[in-house]
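Enquirer: Take a look at the following structure, please.
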DNA sequence: CTGTTAGCGCATTCAA
DNA sequence: TTGAATGCGCTAACAG
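Chains as they are written, first to last, in the numbering used here: chain A, 1 to 350; chain B, 1001 to 1350.
Here it is in structure tokens:
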């Protein structure tokens, strides 16, 4: 082309600064500049210096898309959560993003609203954007979503539960065991009727697992969970209040409730207070998550601490390792802790 | 090259399915396939049908990077928040992401931890990833960050406050006026000593504005905020508790406190309860945000509702409009509402 | 309305 | 170690 119409001192100033501009200024070939960017050690020291100098003065910024096209790597990863406007997934997203940023990955995020179809849409869009890897919550989803991911051949992790029989790599904890443990504790306190205030179970395998755990515990006692002691509503304080009203108006109300998530428990506690139901005097309340509020409200909430941040971080680490070629061992189950505080106690004497 | 070594029925199956594969199968030119994707109306109906059919059977997914390289548009936008693990910014991020997804944009997110340097890093990385537009919180930042954005010539919005004298487009509300209004209300109740429990002010112009608003209100009364009635700590319940202890141990403690954010107020309320300080009997507590908890705890919190979701949504709309060529009018200030509940009242008689 | 021709900016062969 | 050539997959003129 135009053999340096502009004398190699400055770029045409129309359009962005390209690698080629840098090459001109540094008086090396484009290939060398590329090497400086990707494998600096493979370049002569003073050339490298000249290139870096040129990059500096030109304010050169590599063009991600061009890079991705040529190298087949975008250094972008995706993450789809059921929701991102709450502390629970927020903590995970935050940790995920941090860990990825430290490894020089950029993260694309979206929320599915617990809807498999929306999730699929987001996955499709992300795949199209060229993500190198993907994080999803739970195992249950539209089968086509897995197919899409498979067709692109990118690594992925599922989080927030264990892999079970499945073949999908999973970073998470045993919701079922945790729920059983919590319920066992309630039985050990002397409760006989333990209700469940659950989130919507459909498409939410974590919630399903937790319910199963409660049932396991019931089974150990040779009992079964009464149908009218299980209520299901979307996560939210208001719903927690509503569910408490419903469950306490049964002919034989429970003396304890296990809540599928903390907002539900707060709702239950607030509503109980409004009805002069003493917690834990008349009713024990327990939940999952241990978010910032659990240890602050009164009564302080007995809850299962779930490793929210760890999940985000470990999931990111797993993907980073996979992307860098080392096949990491399958992630090991994360720990949960039953944190006993003030909202649970012995059942009322009657 | 190789003139259909494979008879146009199936792609080589090595490597991904490309637009060209689709073109072969549909017996049209690549350009036509491209048109089907981008401006379907400009293509003959039955050709379009053939192409869509081919896309379907081949499972073709466009290659974002290639597309971005050729069209100079990535359909990705960036958003950097000070934090993403809380309800406040989570709600904004959620709305932003939703609105963007509806317009077929993908969003890259990162959190800066209220650190301008981290923010700059994230912006740099995002720019490199090829974002078409960018959302940032507040106006105060490393000058170089603005330069970077300027050099790339992409549109951006700042959120969570007004533009002020600045030239940067802003979607937000008037923190200062809102804080003044809130403080005015407290004065109108008869308070004379109103303390401030603020977040860290450095690099946080929203917090600075709120403090300025409180000072404005003081000025209207011909008074000034006492130095020992202003405390500054990171956002958090624990910090709220600590600040309450500090401020109430002054020789002349305030009879009301304005908290820069809700977690601080919760901390203050919890700690007050622990010290048998009645709210609002002995001390009025007010704050900003009106998150889900404000109307639920007891006493219910008097707070300024801030338009968190609206901000995310409006910011997204503004960027979408700009990207689609129409120069939208500068966003108008969003409304805040003072929501008077139970945590504020007349000062104690003494 | 459709096909042909050129790149977009970079990484990566391959020779040297 | 370095440079020259080639193509990643797609869109955007340009002709027809």
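For every residue, glycine included, the Cβ atom is placed at its ideal position computed from N, Cα and C. In this text, all values refer to a predicted model and were calculated from it rather than measured experimentally.
#1: For the structure I just gave you, are there three or more beta carbon pairs, one from the stretch 142–158 of chain A and one from the stretch 90–97 of chain A, closer than 8 Å?
#2: Name, going along the chain, the residues of the stretch 84–115 of chain A whose beta-carbon falls closer than 7 Å to a beta-carbon of chain B.
#3: For residue 1142 of chain B, name the three-state secondary structure that DSSP assigns.
#4: Comparing the C-beta of residue 1156 of chain B with each C-beta of chain A, is any distance below 8 Å?
#5: Using beta carbons (cut-off 8 Å, strictly below), is residue 248 of chain A in contact with chain B?
#6: Going by DSSP, name the residue or residues bridged to residue 1194 of chain B.
#7: Determine whether the Cβ of residue 1060 of chain B lies closer than 8 Å to any Cβ atom of chain A.
#8: Give the single residue among A:345, A:310 and A:306 whose Cα lies nearest to the Cα of residue 338 of chain A.
#9: Against chain B, does residue 270 of chain A count as a neighbour if the rule is that its beta carbon must be under 8 Å from one of theirs?
#10: Starting from the beta carbon of residue 237 of chain A, find every residue of chain B whose beta carbon is closer than 7 Å, and list them in chain order.
#11: Counting only the same chain and skipping the five closest in sequence on each side, list residues whose C-beta sits under 7 Å from that of residue 131 of chain A.
#12: Mind listing the chain A neighbours of residue 1068 of chain B? Cutoff is C-beta to C-beta under 7 Å, in chain order.
#13: Nearest by alpha-carbon distance to residue 1195 of chain B: which of B:1205, B:1204 and B:1183 is it?
#14: Pull up the distance between the alpha-carbon of residue 59 of chain A and that of residue 17 of chain A, whole angstroms please.
#15: Would you be able to state if there are at least three C-beta pairs under 8 Å between the stretch 41–60 of chain A and the stretch 1038–1055 of chain B?
#16: Classify residue 21 of chain A as helix, strand or coil using the three-state DSSP reduction.
#17: Output yes or no for whether 8 Å exceeds the beta carbon distance between residue 113 of chain A and residue 83 of chain A.
#18: Where do the N-terminal and C-terminal ends of the beta strand (DSSP E) with residue 92 of chain A fall, by residue?
#19: Nearest-angstrom Cα distance between residue 261 of chain A and residue 291 of chain A?
#20: Alpha carbon to alpha carbon, how far is residue 263 of chain A from residue 242 of chain A? Give it in angstroms, no decimals.
#21: Under the DSSP definition of a beta bridge, which residues are partnered with residue 79 of chain A?
#22: To the nearest whole angstrom, what separates the beta carbons of residue 1231 of chain B and residue 1211 of chain B, a pair I think is in contact under 8 Å?
#23: How would you list, in chain order, the residues of chain B whose beta-carbon sits under 9 Å from the beta-carbon of residue 215 of chain A?
#24: So, is the C-beta of residue 146 of chain A closer than 8 Å to a C-beta in chain B?
#25: Just list the residues that DSSP pairs residue 1305 of chain B with in beta bridges.
#26: Cα separation between residue 256 of chain A and residue 209 of chain A?
#27: Considering only C-alpha positions, which residue in the set A:197, A:285 and A:276 is nearest to residue 300 of chain A?
#28: If you count every other CB in all the chains shown that lies within 10 Å of the CB of residue 44 of chain A, and 16 or more means buried, which is it?
#29: Relative to the alpha-carbon of residue 330 of chain A, which residue among A:120, A:65, A:166 and A:342 has its alpha-carbon at the smallest distance?
#30: By a C-beta neighbour count over all protein chains shown, 10 Å radius and 16 as the cutoff for buried, is residue 1038 of chain B buried or exposed?
#31: Over the uninterrupted beta strand (DSSP E) stretch that includes residue 230 of chain A, give me the two end residues.
#32: Would you call residue 1350 of chain B buried or exposed, if buried means 16 or more other Cβ atoms sit within 10 Å of its Cβ?
#33: For the alpha helix (DSSP H) containing residue 237 of chain A, list its first residue and its last residue.
#34: Alpha carbon to alpha carbon, how far is residue 1118 of chain B from residue 101 of chain A? Give it in angstroms, no decimals.
#35: Measuring CB atoms only, is the stretch 1131–1147 of chain B touching the stretch 1164–1179 of chain B, in the sense that at least three cross pairs come out at less than 8 Å?
Expert: Reading off the structure:
#1: no
#2: 84, 85, 86, 87, 90, 91, 93, 94, 97, 101, 106, 107, 108, 109, 110 and 111
#3: Mapped onto the second chain, residue 1142 of chain B falls at position 142. Coil, per DSSP.
#4: Residue numbering aside, residue 1156 of chain B sits at position 156 when the second chain is read from its first letter. So no, residue 1156 of chain B is outside the interface.
#5: Residue mapping note: residue 248 of chain A aligns to position 248 of the first chain, counting from 1. So no, residue 248 of chain A is outside the interface.
#6: Here residue 1194 of chain B is taken as the residue at index 194 of the second chain, counted from 1. Answer is B:1256.
#7: As a first step, residue 1060 of chain B must be located in the second chain, where it is residue number 60. Judged by the 8 Å Cβ criterion, residue 1060 of chain B is not in contact with chain A.
#8: What you label residue 338 of chain A is simply residue 338 of the first chain in a count that begins at 1. Considering only alpha carbons, the answer is A:306.
#9: Residue mapping note: residue 270 of chain A aligns to position 270 of the first chain, counting from 1. Yes, because at least one Cβ of chain B sits closer than 8 Å to the Cβ of residue 270 of chain A.
#10: One-based indexing of the first chain puts residue 237 of chain A at position 237. 1292 and 1296, listed in chain order.
#11: Your numbering for residue 131 of chain A matches position 131 in the first chain. Around residue 131 of chain A: 74, 76, 77, 78, 108 and 154.
#12: Start at 1 with the first residue of the second chain, and residue 1068 of chain B comes out as number 68. Under the 7 Å cutoff, chain A gives 65.
#13: The residue you call residue 1195 of chain B lines up with position 195 of the second chain. B:1183 is the residue among B:1205, B:1204 and B:1183 whose C-alpha sits nearest the C-alpha of residue 1195 of chain B.
#14: Translated into the one-based positions of the first chain, residue 59 of chain A becomes position 59. Translated into the one-based positions of the first chain, residue 17 of chain A becomes position 17. Taking the Cα positions, residue 59 of chain A is about 8 Å away from residue 17 of chain A.
#15: Put simply, the stretch 1038–1055 of chain B does not touch the stretch 41–60 of chain A. Fewer than three CB pairs are less than 8 Å apart.
#16: Residue mapping note: residue 21 of chain A aligns to position 21 of the first chain, counting from 1. Reduced to three states, the DSSP call for residue 21 of chain A is helix.
#17: The sequence position of residue 113 of chain A within the first chain is 113, counting from 1. The sequence position of residue 83 of chain A within the first chain is 83, counting from 1. Yes, these two residues count as a Cβ contact at 8 Å.
#18: The residue labelled residue 92 of chain A in the question sits at position 92 within the first chain. From DSSP, residue 92 of chain A is part of no beta strand (DSSP E) but of the alpha helix (DSSP H) over 87–102.
#19: Start at 1 with the first residue of the first chain, and residue 261 of chain A comes out as number 261. Start at 1 with the first residue of the first chain, and residue 291 of chain A comes out as number 291. Approximately 10 Å between the Cα atoms of the pair.
#20: Locating residue 242 of chain A in the first chain gives position 242, where the first residue counts as 1. Locating residue 263 of chain A in the first chain gives position 263, where the first residue counts as 1. Computed Cα separation, rounded: 12 Å.
#21: On the first chain, residue 79 of chain A is found 79 positions in, with the first residue counted as 1. DSSP output for residue 79 of chain A lists A:109 and A:135 as bridge partner(s).
#22: Taking the second chain and counting its residues from 1, one reaches residue 1231 of chain B at position 231. Taking the second chain and counting its residues from 1, one reaches residue 1211 of chain B at position 211. Rounded, the Cβ-Cβ distance is 11 Å, inconsistent with contact.
#23: As a working mapping, residue 215 of chain A is identified with position 215 in the first chain. Under the 9 Å cutoff, chain B gives no residues; its nearest Cβ is about 30 Å from residue 215 of chain A.
#24: Mapped onto the first chain, residue 146 of chain A falls at position 146. No, because no Cβ of chain B sits closer than 8 Å to the Cβ of residue 146 of chain A.
#25: Here residue 1305 of chain B corresponds to residue number 305 of the second chain, with the count starting at 1. For residue 1305 of chain B, which the question treats as bridged, DSSP gives the partners B:1289 and B:1337.
#26: Mapped onto the first chain, residue 256 of chain A falls at position 256. Mapped onto the first chain, residue 209 of chain A falls at position 209. Those two C-alpha atoms are separated by around 19 Å.
#27: To locate residue 300 of chain A, count along the first chain from 1; it is residue 300. The shortest Cα separation from residue 300 of chain A among A:197, A:285 and A:276 belongs to A:285.
#28: Taking the first residue of the first chain as position 1, residue 44 of chain A is located at position 44. With fewer than 16 other Cβ atoms within 10 Å, it is exposed.
#29: The count along the first chain starts at 1 and reaches residue 330 of chain A at position 330. Residue 330 of chain A has its Cα closest to that of A:166, out of A:120, A:65, A:166 and A:342.
#30: Indexing the second chain from 1 puts residue 1038 of chain B at position 38. Exposed.
#31: As a working note, residue 230 of chain A is residue 230 in the first chain. Its beta strand (DSSP E) spans residues 230–232.
#32: Within the second chain, the letter at position 350 stands for residue 1350 of chain B. By the 16-neighbour rule on beta-carbons within 10 angstroms, residue 1350 of chain B is exposed.
#33: Counting from 1 along the first chain, the entry for residue 237 of chain A is found at position 237. Per DSSP, residue 237 of chain A belongs to the alpha helix (DSSP H) from 237–248.
#34: Counting from one through the first chain, the residue named residue 101 of chain A turns up at place 101. Counting from one through the second chain, the residue named residue 1118 of chain B turns up at place 118. Spanning the two alpha carbons is a distance of roughly 10 Å.
#35: yes
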